[in-house]
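Some notes on the structure that comes next.
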Amino acid sequence: MARRMNYSARLPFTTEQVYGALTTRDYWDAVIEELRKYSENELTRFEVTADGVDVVMRHIIPRDTLPDVAQAVMKKDMVITRNIHHDAYSETTAGKYDASIPAGPGSLTGTTSLFATEAGSTLRTTSEAKVYIPFIGGKLEQLMLVNLVDLWRGEGEVTHDWLTKNA
Numbered sequence: 087m088a089r090r091m092n093y094s095a096r097l098p099f100t101t102e103q104v105y106g107a108l109t110t111r112d113y114w115d116a117v118i119e120e121l122r123k124y125s126e127n128e129l130t131r132f133e134v135t136a137d138g139v140d141v142v143m144r145h146i147i148p149r150d151t152l153p154d155v156a157q158a159v160m161k162k163d164m165v166i167t168r169n170i171h172h173d174a175y176s177e178t179t180a181g182k183y184d185a186s187i188p189a190g191p192g193s194l195t196g197t198t199s200l201f202a203t204e205a206g207s208t209l210r211t212t213s214e215a216k217v218y219i220p221f222i223g224g225k226l227e228q229l230m231l232v233n234l235v236d237l238w239r240g241e242g243e244v245t246h247d248w249l250t251k252n253a
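For the sequence shown, the residue numbers in my numbering are 87 to 253.
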C-alpha cells in the first residue's frame, strides 16, 4: 500500500519571483551545491521552454550511510534520478516529479503547486511512496517520506536564501 505526504514551503516572495528562480540555472546550481553537503549530486538536465521548466538531478547516497532496513534491500550505493517538471507560469503553477532507483523495489512520485498567499507564496509538494516488498515495504515507504521532509525543507531554505540575494 502506498503512503502519501504533503509538504509546504511558505515563502515571503511572490509566485512570479519563485517561478523566476525555478527558471534560472544559477538557482538549481545553488540547490545542487546545498545537496552536495550530504552526498554526491549533479544537475544533468536543465531546460526552460514555453511548456515550463524541466530539471533532472542525480543523487548518489553511499550504501553505508543508509539505515539498516534500506541496506538490506540495496546492495550498492543508492543512485537516485529525480525528474522535475514545472508547467508554464500561471496563477497556480502545477508541476510533477518522479524519482527512480535502478533495481529499486518501488517508486516515488509527486505533484507540486505554486500559489499565492497573503504572506507571499507557497510551493506545496504532494508525494507518494510505494515499495513492493512484503513485510518491510511500509517501513521503507515511511523512511522515504521522512527523508523527503528534510529534502523539501532544505530546498525551501535554499529557495528563500537564493531569492533574498537575487530577487
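All residues carry an ideal CB built from backbone N, CA and C; glycine is no exception.
Where the alpha helix (DSSP H) through residue i begins and ends
| i | result |
| --- | --- |
| D163 | Per DSSP, D163 belongs to no alpha helix (DSSP H) and is neither H nor E. |
| K225 | 223-252 |
| A107 | 101-108 |
Helix, strand or coil at residue i [DSSP, three-state]
| i | result |
| --- | --- |
| Y124 | coil |
| V260 | Only positions 87 to 253 of the chain appear in this structure, which leaves residue 260 out of reach. |
| T178 | coil |
| Y218 | coil |
| I170 | strand |
| A185 | strand |
Pairwise C-alpha distance: residue j and residue i
| i | j | result |
| --- | --- | --- |
| T110 | H171 | 14 Å |
| E177 | A202 | 8 Å |
| E102 | T179 | 10 Å |
| F132 | M143 | 9 Å |
| L231 | G223 | 12 Å |
| D184 | H145 | 13 Å |
| T100 | R122 | 28 Å |
| T195 | K182 | 8 Å |
| D154 | P148 | 13 Å |
| T130 | V139 | 14 Å |
| R168 | S186 | 7 Å |
| A156 | P220 | 14 Å |
Residue i burial status per 10 Å Cβ neighbour count (16 or more: buried)
| i | result |
| --- | --- |
| N127 | buried |
| Y105 | buried |
Segment limits, beta strand (DSSP E) that includes residue i
| i | result |
| --- | --- |
| L200 | 192-203 |
| D140 | 138-147 |
| A97 | Here residue 97 is Leu; the residue named in the question, Ala, does not match the sequence. Element bounds for L97: 89-97. |
Hey, is the region 212-221 in contact with the region 89-105, meaning 3+ C-beta pairs nearer than 8 Å?
yes
contact_flag[the region 158-167, the region 228-239] where n(CB pairs < 8 Å) is 3 or more:
no
Below 8 Å, can you find three or more Cβ-Cβ pairs linking the region 108-125 to the region 243-250?
yes
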